[in-house]
Structure formats: C-alpha cells, structure tokens
DNA sequence: GTGGTCTAGACCACA
DNA sequence: GTGGTCTAGACCACG
C-alpha cells in the first residue's frame with residue numbers, strides 16, 4: 025500500500041488516499057476481506073497527519089468500500105453497493121468525455137482507454 | 025445558456041459553470057466563434073456574483089476554450105489544444121472506471137455509456 | 025504598413041499599433057520624415073475603430089516618435105529623445121531577463137537575442 | 025519580501041507583485057523550496073487587499089513559478105518550465121530593443137545592460 | 001457596454 | 001493558520 029501523494033495537487037490529500045484505495049480494490053490488488061493498514065501506520069508511511077488518513081478511511085467506510093472489524097482492524101468490504109452508476113458519477117464522466125473530445129481524442133481512442141482502465145490493464 | 029447550479033455541492037460554482045460550458049462546446053450547442061453571455065448577464069441569470077462568473081471565464085480562457093475579443097464580448101475559441109489526453113484526465117477517468125466497476129456496472133455497460141457521453145447523445 | 029493585430033491578446037489594440045510603428049521606425053522600415061497613413065485609412069485597413077488608431081497616434085506623438093505636419097499629415101519625427109534608457113524601460117527589461125533566465129535560456133543565448141533584436145535582424 | 029508598489033502605475037498591482045517575485049526568484053533571493061509569505065501577511069505588509077495578492081499567487085502558480093503545498097504555505101517551485109523563450113516574450117523584448125535604439129542607446133550599452141540584468145547585478 | 005481590477009468583508013475546507 | 005471560495009459593491013480602460 026504505497027501511496028503516491030502529490031502535495032501540490034488541487035485534489036485534497038485525503039481524496040488522493042481514498043482514490044488510490046478504490047483503484048486498488050477495483051484492480052484486485054486489494055481483495056474483499058483484506059486488511060488495510062492501521063491509520064497510524066499509513067500516516068507514517070505517507071508522511072501525512074493521522075487526521076488526514078482518518079478522514080479518508082471515514083469516507084471509504086461511508087461509501088461502503090471498507091468496514092471496521094470487531095477486533096479493531098479495518099478490512100475491505102465483502103459486498104459493494106450494486107446501485108449502478110450514480111448521477112454524480114455520470115456527470116463527472118460527461119465532463120471528462122467532453123474534455124477528451126475537445127482535446128481531439130477520437131471516439132475509438134477514448135473507448136479503448138475507458139476499457140483498459142475498467143479492466144485495470146493500465 | 026441556462027446554468028443549472030447546485031449551491032450545496034462541494035464542487036465550486038465557478039467549476040460548475042466551467043464544466044457546463046465545456047459540455048456545451050463538446051456537444052456543439054456552442055460552436056467556435058459563438059458569443060457567450062457577458063459576465064454580468066450570466067451572473068444575473070445564474071444568480072451568482074460577477075466575480076464568480078469572471079473566475080469561470082478566466083479558467084476557460086486559460087484552458088484555451090474561449091477567448092476575450094477585446095472589442096466587447098467573449099467567444100468560443102476557433103481552435104483547441106490538440107494535446108490529447110493529459111495525465112490528469114487519465115487519473116480522473118481511472119477513478120471513475122474503478123467506481124463503476126465496484127458499483128457492479130459491467131464493462132459493456134460502461135463502454136456504452138462512455139460512447140454515448142462522448143457523442144453527446146445523453 | 026500592414027498591422028498584424030491580435031484581438032484576443034491582453035495587449036490593448038492601440039498599444040499593438042503603437043508598438044508596431046515603433047518597431048518599424050527602429051528597423052528603419054519607416055524613416056524620419058516618412059508619411060504615416062491617415063487615421064481613417066489605417067483604421068479601415070486594420071479593421072478597427074478610428075478612435076483606436078487616434079489613440080495610438082496620440083501616444084506616439086506624446087512620446088515624440090511622430091509629429092503632425094502643418095498641412096495635415098503625420099510624419100515620423102526627425103529627432104527622438106536622446107534621454108537614454110528610462111527607469112520604466114529598465115524595469116520592463118529586468119522582468120524579461122528574469123523570465124528568460126527561469127526559462128533556462130542561457131546568458132549567451134539571451135545576449136545574442138537582444139543583439140539581433142536591437143539590430144532588427146529578426 | 026518587501027513589495028514596492030506603484031499604485032498610480034497602469035500596470036496592475038497583482039502584476040507588480042508577480043513581477044517582483046519573479047525577479048526575486050531569478051536573482052536567487054528566493055530559492056526553490058523557499059516559503060513565500062501567506063496571502064494575508066503579504067496583503068497586510070503591502071497594504072492591499074487579500075484578493076489582489078491571491079490573484080498574483082494564482083498567476084505565479086499557473087506559470088509554474090510557485091506551488092501551494094496543501095499543508096499550509098506556498099513555496100517556490102523546484103523546477104521551472106524549460107520551454108525556452110516564448111513568442112510573447114520575444115515580442116515584448118523586441119519593443120524594448122526598438123525603444124532603446126530610438127532613445128539613442130548604443131548596441132554595446134544595451135547588450136551590457138541586458139547582461140547585467142540577466143545576471144542580477146543591478 | 002464590455003471585461004479588468006480592486007476593496008472589505010465573510011465562511012469554509014484542509015491539514 | 002493556510003489557501004479557496006464567494007459576496008456586493010465600485011472604478012477604470014478599452015473600443
């Protein structure tokens with residue numbers, strides 16, 4: 025669980041952590057039931073404040089990606105929401121598709137990229 | 025140019041305005057050379073402060089989507105950067121693909137959605 | 025006297041006109057005593073408002089680069105201020121030198137460029 | 025970081041602030057990684073509004089000279105764009121060279137001045 | 001009438 | 001405590 029954080033980015037650090045964990049789960053680098061590093065450990069490794077990691081975990085928990093174990097640890101959830109694509113996700117995707125189109129990325133290229141990212145190939 | 029703004033969202037208003045204009049250009053509701061509403065007009069219509077619209081326009085200008093004409097008015101640029109998909113865009117897309125996958129959206133569904141959004145069908 | 029104007033630039037149009045005339049005089053494409061196009065003519069050719077050309081000419085006159093003829097025309101002045109480099113010019117040059125240095129332009133390159141521009145070679 | 029501002033100048037205050045910071049970086053009075061004053065502090069010291077300083081910083085950030093650190097504070101960037109002299113910079117330099125020539129500054133004097141400014145000697 | 005700039009406040013997210 | 005965002009005004013330069 026090496027976090028690559030960009031402190032100069034406009035994306036909040038807790039969001040970057042959240043995103044990378046979501047990516048890790050989707051690409052099956054983290055499997056359901058796998059243990060996630062303790063807050064203190066992750067904070068030390070990443071060189072950030074514990075509050076920041078705590079916020080990321082709280083967000084992931086609220087979204088249903090992870091859950092607290094009875095013993096104290098935190099693990100990847102066994103089941104995720106099957107709610108399909110939310111409205112928020114669709115709007116975010118729409119903006120990206122627009123930007124890609126205006127950047128002269130062809131539909132074929134774009135589709136291919138979407139597929140590769142979905143399958144975790146890149 | 026009716027803006028649909030969500031004042032409760034965590035995405036800044038100026039970003040929402042920026043996104044909707046990018047979408048409008050990509051879906052050809054706004055064509056190169058078309059005039060976009062004056063800052064004050066848009067501010068009045070959207071019920072936000074002039075400076076907020078100003079910031080959105082400044083961002084769009086910096087990104088090359090629009091340009092001020094110096095004789096009054098702001099227009100959609102004739103040419104956009106043909107730089108292809110930037111690294112930032114890819115990372116944003118990766119997170120969305122991950123979330124879709126974990127929301128039990130099949131690859132086929134996801135690809136179909138990407139295509140529709142790219143073509144501006146929905 | 026073909027003006028190349030960029031209406032999308034942040035430099036005011038009257039300044040662009042003024043700059044190009046100064047450049048033309050310095051590179052001896054316009055010689056002392058040469059007649060400068062009438063305001064109306066220049067405005068038509070450049071596709072701008074007469075007031076804009078008028079403002080450019082007024083600025084050039086105030087700076088001593090051109091002067092009105094008794095008959096009504098406007099000509100390049102015979103003598104320019106021998107005042108040396110003003111403080112304002114030096115500060116503008118300082119900023120450019122700083123930007124060049126930070127853009128990794130070597131001192132040699134920079135000096136060479138300054139010389140070529142001074143001699144009007146490029 | 026004392027700003028010398030000319031409130032009567034036609035160059036915007038935020039530009040003056042931007043220019044002086046660029047000069048400070050180029051002359052190594054500010055080194056990569058150095059912290060620059062907080063927006064509010066600089067605003068107080070300079071006697072201007074926070075938003076004005078904010079705009080200057082935003083510009084510098086966009087140009088890659090500084091970056092916000094997300095843990096409080098803004099620092100001088102470690103690496104600058106090595107893009108060489110842009111077209112805009114050349115045109116600005118051309119006008120200055122023309123003005124210098126017409127002010128009867130000899131090529132030798134001009135070159136010497138350019139060198140000194142580049143090296144930060146004056 | 002347009003965008004550009006500036007002020008004097010305020011609230012919030014982030015770390 | 002930091003930067004980010006937003007408001008409600010105002011004046012000015014430009015064309």
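Chains as they are written, first to last, in the numbering used here: chain A, 25 to 146; chain B, 25 to 146; chain C, 25 to 146; chain D, 25 to 146.
Using N, Cα and C, we set each Cβ at its ideal position, and we do this for glycine too.
Contacts between residue 134/D and chain C, judged by CB atoms closer than 7 Å, involve 138, 142 in chain order. Inter-residue distance for residue 62/A and residue 127/B is about 26 Å (C-alpha atoms, whole angstroms).
The contact set of residue 108/C on chain D, defined by CB atoms closer than 9 Å, consists of 124, 127, 128, 129, 133 in chain order. Looking from the CA of residue 137/A, the closest CA among 124/B, 114/B, 143/B, 125/B belongs to 114/B. Per DSSP, residue 63/B is one residue of the alpha helix (DSSP H) stretching across 63 to 70. With distances taken between CA atoms, residue 87/C lies nearest to 46/C out of 37/C, 46/C, 132/C, 32/C. In the displayed model, residue 146/B falls within coil according to three-state DSSP, outside both helix and strand. Pairing residue 49/D with residue 117/C gives a Cβ-Cβ distance that is not under 8 Å. Residue environment for residue 123/A: buried (at least 16 other C-beta atoms within 10 angstroms of its C-beta). Judged by beta-carbon spacing, residue 139/D lies within the 8 Å limit of residue 135/C, meaning their Cβ atoms are closer than that value. A straight-line Cα-Cα distance of about 11 Å links residue 100/B and residue 32/C. For residue 102/B against residue 56/B, the beta-carbon gap comes to about 5 Å, under 8 Å, which counts as contact. For residue 136/B, the secondary structure class from DSSP, reduced to helix, strand or coil, is helix. Closest in alpha carbon position to residue 130/C, among 109/D, 75/D, 131/D, 125/D, is 109/D. Looking at the backbone, the Cα of residue 96/C and that of residue 54/D are separated by about 55 Å. Burial of residue 66/D is indicated by the presence of at least 16 other C-beta atoms within 10 angstroms of its C-beta. Across the set 35/B, 34/B, 41/B, the C-alpha of 41/B shows the shortest separation from the C-alpha of residue 26/B.
Within 10 angstroms of the beta-carbon of residue 82/A lie fewer than 16 other beta-carbons, which makes it exposed.
Taking 7 Å as the Cβ-Cβ cut-off, the segment 45 to 65 of chain B approaches chain A at 46, 47, 49, 50, given in chain order.
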